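Participant: Can you read through this structure? Questions will come right after.
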Amino acid sequence: MKVLESRGGSRRRRTGAVLAAAAVAASLLTLAGPVSSASAAGCYGSGCTGKDPQATGCSADATTIERVAAPDRDYGYGDLRYSPSCGAYWIKTVSWSTSVPIGGSVYGEASLNGTWIPFWAENTPGLLAGGSQWSPMIGGYPHYEISVEG
492 MKVLESRGGS RRRRTGAVLA AAAVAASLLT LAGPVSSASA AGCYGSGCTG
542 KDPQATGCSA DATTIERVAA PDRDYGYGDL RYSPSCGAYW IKTVSWSTSV
592 PIGGSVYGEA SLNGTWIPFW AENTPGLLAG GSQWSPMIGG YPHYEISVEG
């Protein structure tokens with residue numbers, strides 16, 4: 492009997508040590524905090540300019556800032572998308588026409604020493620019914636303009 496009690500005591504001590512180690516590990520993870528989505532995306536602001544919003548993960552938290560219909564007819568639309576975790580804009584175009592491709596562009600400006608410098612990104616017409624495509628991103632610019640062509 493004494494041997495069994497001794498083993499049980501060792502087992503309890505080992506279990507207690509494992510639980511204590513797990514608690515320490517959990518508290519260290521809590522102190523470190525979650526990985527931010529901007530660092531998970533790998534870019535922020537102007538560092539996102541020219542990059543693919545899908546490939547970088549910036550599209551995960553994106554919202555539509557503005558929607559513009561294709562001109563003249565109901566061929567599709569363009570969305571100006573913005574990712575707060577990446578601080579970047581891009582245009583996403585959606586077409587439902589089987590004969591008219593939809594494309595779009597987004598224009599932004601950055602202030603450098605008081606001078607506004609233009610930047611733009613576009614996706615060219617070429618997409619037909621039922622699909623969507625997106626431009627590279629423009630990062631960190633406070634002014635923007637969107638256009639859609641079809």
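Residue numbering for the sequence shown is 492 to 641, as defined by our numbering. Glycine included, C-beta positions come from ideal geometry on N, C-alpha and C. Quantities reported herein were computed from a predicted structural model and do not represent experimental measurements.
Would you tell me roughly how many angstroms separate the C-alpha atoms of residue 566 and residue 622, rounded to the nearest one?
Facilitator: 12 Å
Participant: Do you know how far the Cα of residue 548 is from the Cα of residue 577?
Facilitator: 9 Å
Participant: Starting from residue 546, trace the alpha helix (DSSP H) in both directions and tell me its first and last residue.
Facilitator: 544–547
Participant: Compute the distance between the beta-carbons of residue 560 and residue 574, then report whether it is under 7 Å.
Facilitator: no
Participant: When burial is assigned at 16 or more other CB atoms within 10 Å of the CB, is residue 572 buried or exposed?
Facilitator: buried
Participant: Could you name the residues of the same chain whose beta carbon sits closer than 7 Å to that of residue 627, not counting the 5 residues immediately before and after it, in chain order?
Facilitator: 541, 542, 543, 581 and 612
Participant: Report yes if the CB atom of residue 569 is closer than 7 Å to the CB atom of residue 555, and no otherwise.
Facilitator: no
Participant: For residue 537, I'd like the list of residues in its chain whose CB is within less than 6 Å of its CB, leaving aside the five on either flank, ordered along the chain.
Facilitator: 630 and 631
Participant: Following the continuous beta strand (DSSP E) through residue 570, name the residue where it begins and the one where it ends.
Facilitator: 567–574
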